[in-house]
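A short write-up of the structure that comes next.
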Amino acid sequence: MMEEKKDINSLIGFTLMGGVLLFYLWMQPPVEENIVSDNENQTIETIDDKTLIRKDIVDNLEIGDDSFLINNDNLNFNENQVDDNKVITYENDLIFLEVNTKGGFISTLYLKNFTNHLEQPIYLVNNDNSEFNLNFNLSNNRNVNSKNLIFDSSKFEDDENMVIVMKHIVSDVQYLEYRYTIKPNDYMIDFSINSNGLSTIVNTQDNYELTWDYKSLRNSKSISYENRYSRLTYEYELDKIDKLGQTGDDEDTISELNWFSYRQHFFSTILLSSKPLNNVKLSQINMVIDEDIDTTYTKNYISKIPLNYSDNEFDEKFHLYFGPTDSKTLSAYNKNLESSIPFGWGIFGFINRAIFIPLFSWLSSFLPYGIAIIFMTILVRLVLSPVLYKSYLSQAKMKILKPEIAEITLKYKDNAMKKQQETMALYNKAGANPMSGCIPALIQIPVFYSLFMFFPTAFDLRRKSFLWADDLSSYDNVLDLPFYIPFYGDHVSLFPILAGIAIFFYMKMTTGQQVASQQPAQEGMPDMAKMMKYMIYFSPIMLVVFFNNYASGLSLYYFISNLITIAIMLVIKHYILDEDKIHAQIQVNKAKPQKKPGRFQKKMKELMEEAEKQKKSQNK
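Position one of the sequence shown corresponds to residue 18 (the numbering used here), numbered consecutively onward.
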């Protein structure tokens, strides 16, 4: 009887337990794993008490597939991020940007105050031209690429700044984070990479690598001209500046790197580091092979930056600049960023920074830009007019002495050493110096080259019109050709033609003066007079061809400069210099006792005498 009662009680107990279990299962259905996978029966391998990794994915992981990081407390990690292309947007007074949750980096950025040659916004990031990626290894040596990760997004205001946070969550206390701080009325963005609690997942014994693959978008009318001034520039050590090759492909590995600039002529994308970067591989690939086909990108820039973990976590601070390649804007950051602008090296860059940039900025503040170029050209030519006067005076003296030089040449035609000695003695008596005509020309070279570098990099000229030129920073085509002429192009620019005509008449005047002052050609030596006559025609043609695709502002400068030079020479010739007076003064100088030769002349005389003795000894 006792056994029966016991069996009944057991049956009732099991029944109640079963009912409770069924009720619990009904109230607590199995959690559905919302993870993209072809295999629904997946096993979980415990890594620690907080993080789980799907073992079947880890075992068969493809490089670049980073969807395996999941949350221990909530397996529905991606349930709120179904759309991989979700973006968070923000804009200040200068830039508009979008940050994509796929990869967590800036996917679109354009400048609000500038347009390109098609009157479209200047996009510095658009259409996947920028790929930003962190590459690192897990503790099981599997590879991860952040460009494939899905980030949670949020933004909030911090004082006057907007902060955008992109966070890839692994668990409640584990994440990888990109943080952007955007200031009002600023092109510079503070950017940081940090993490928390990932030391149990990431192999911190290895370095991780930051790669930024960036293709510069075309924004100018002449893609060849824009490409010529698109270049990767960087600063290393304290303040040393260097560049990769201007035209072809190039690469370099740099240590103690402070910043690098992906320059695309008038606009730049720059990464600055809060600490020096070592063993950074920078590369540049020319993407313009055929201008009729390759019209989207100019250069492909790639930077690969090895980085070290800080206390077993990601911890990097950078600044990102997206804006104009303008010296005033860049210099305001006090980071030597203006050195990325190709003003010229050494003395040429100094002349541009110290003289021409401030001068043009002042003139253009109250004059139209084309008129400002003309006024600056007039000022430059007036400053250099004393040099031009010295050169013309030297040529006039040489022209007057030419008959006497011819007599010396005839008299000592069989004795080159004696002829040279007598010629130098005549120059010394007359107070003439054949080199004095060359020295003024050499003095002008730094000025001319500095201006040659100034106009293609003058941001203020961009999209500024003058007369028929709608953009002084690009070519001024007045006629589009139905065909392409090698080295010239498929259009006709007018300012280069005007500059070519002006330089033709300038060379006609100066070459005639130089030919008149030249000594007769020696046997075995080229006839300089014939060469100069060829140059009268060759130089203008080369200028017209070469400048057809260059900035019309540069051609305008050369046109006005040559016109002013011609005018100054005519004034010097007809109103300042009197050849009869110069001739009379030379005769007076010749009658005076010969001046004691200087050390240089004395040394030259001794060398010539020594050479003459050696020649005589060899003839014996």
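The beta carbon of each residue, even a glycine, is placed where N, CA and C say it ideally should be. Computed from a predicted structure; not experimentally measured.
For residue i, write down the residues that DSSP places opposite it in a beta bridge.
{"i": "P138", "result": "T132"}
{"i": "L496", "result": "V509"}
{"i": "N117", "result": "V104"}
{"i": "S163", "result": "In DSSP, S163 forms no bridge with anything."}
{"i": "Q301", "result": "D267 and Y318"}
{"i": "N213", "result": "Y192"}
{"i": "T125", "result": "E115"}
{"i": "S147", "result": "Y231"}
{"i": "S12", "result": "The requested residue 12 does not occur in the structure, where the chain is confined to residues 18 to 637."}
{"i": "N152", "result": "N162 and E226"}
{"i": "S327", "result": "E330"}
{"i": "I502", "result": "G506"}
{"i": "D169", "result": "K184"}
Would you mind reading off the limits of the alpha helix (DSSP H) that contains residue i?
{"i": "S156", "result": "Taken as a continuous stretch (DSSP letters only), S156 belongs to no alpha helix (DSSP H), as it is neither H nor E."}
{"i": "T217", "result": "Counting along the chain, T217 falls outside any alpha helix (DSSP H), and DSSP gives it neither H nor E."}
{"i": "F367", "result": "I364 to I368"}
{"i": "S572", "result": "S569 to V588"}
What residue range does the beta strand (DSSP E) around residue i cover?
{"i": "L489", "result": "Counting along the chain, L489 falls outside any beta strand (DSSP E), and DSSP gives it neither H nor E."}
{"i": "Y350", "result": "Y350 -> no beta strand (DSSP E), and no H or E assigned at all."}
{"i": "I6", "result": "Since the first residue shown for the chain is 18 and the last is 637, residue 6 is missing from the structure and cannot be characterised."}
{"i": "F339", "result": "D332 to P341"}
{"i": "P323", "result": "Y314 to L324"}
Spatial neighbours of residue i within its chain, please: CB distance less than 6 Å, with the 5 preceding and 5 following residues excluded, ordered by chain position.
{"i": "N144", "result": "none"}
{"i": "G517", "result": "P557, L560 and V561"}
{"i": "A533", "result": "Legend: pLDDT at A533 = 48, less than 50; position of this residue unreliable, no value from coordinates given."}
{"i": "I319", "result": "D230 and S300"}
{"i": "Y338", "result": "Y204, M205 and I287"}
{"i": "D497", "result": "H508"}
{"i": "S402", "result": "I585"}
{"i": "A486", "result": "D493 and S569"}
{"i": "D488", "result": "R480"}
{"i": "F283", "result": "T342, F476 and R479"}
{"i": "N579", "result": "A519, I520 and Y523"}
{"i": "Y501", "result": "D507"}
{"i": "V104", "result": "E115 and N117"}
{"i": "Y409", "result": "I589"}
{"i": "E268", "result": "S300"}
Might you give, ordered along the chain, the residues of its own chain that have their beta carbon closer than 7 Å to the beta carbon of residue i, omitting 5 neighbours on each side?
{"i": "D332", "result": "N211"}
{"i": "E421", "result": "L443"}
{"i": "I391", "result": "I577"}
{"i": "E273", "result": "Y253, E254, P293 and N295"}
{"i": "P513", "result": "L560, V561, F564, N565 and S572"}
{"i": "F173", "result": "V180"}
{"i": "T125", "result": "L114, E115, V142 and N143"}
{"i": "N213", "result": "V190, Q191, Y192 and E330"}
{"i": "N91", "result": "A caution first: N91 carries a pLDDT of 32, below 50, which makes its placement in the model too unreliable to give a value."}
{"i": "F227", "result": "For the sequence presented, residue 227 should be read as Leu rather than Phe. Excluding sequence neighbours, L227 sits near L151, I322 and L324."}
{"i": "F555", "result": "none"}
{"i": "R235", "result": "E243, T312, T313, Y314 and T315"}
{"i": "D307", "result": "none"}
In its own chain, which residues sit with a C-beta less than 8 Å from the C-beta of residue i, not counting the 5 before and 5 after it?
{"i": "L396", "result": "L376"}
{"i": "S247", "result": "S233, R280, Q281, H282, T315 and K316"}
{"i": "N109", "result": "M179, I199, K200, P201, N202 and D203"}
{"i": "I553", "result": "F521, M524, K525 and T528"}
Fill in: Whole beta strand (DSSP E) elements within the region 171-210, 3-residue minimum
178-188 and 191-199
Worksheet item: What residue ranges within the region 221-298 form continuous alpha helix (DSSP H) runs of no fewer than 4 residues, ordered along the chain?
Response: Listed in chain order, they are 240-245.
Item to complete: Decide yes or no for the touch test of the region 351-360 against the region 271-279: beta carbon pairs closer than 8 Å, at least 3 of them.
Response: yes
Practice prompt. Would you list, in sequence order, the uninterrupted beta strand (DSSP E) runs of no fewer than 3 residues that lie entirely inside the region 373-446?
Written response: Along the region 373-446, the beta strand (DSSP E) does not occur as any fully enclosed run of 3 or more residues.
Item to complete: May I ask you to verify whether the region 583-590 touches the region 247-265, counting CB pairs closer than 8 Å and requiring at least 3?
Response: no
Worksheet entry | the region 223-234 / the region 321-330 touching (three or more Cβ pairs under 8 Å) | yes
Fill in: Sufficient close CB pairs (3 or more, under 8 Å) joining the region 107-114 to the region 248-257
no
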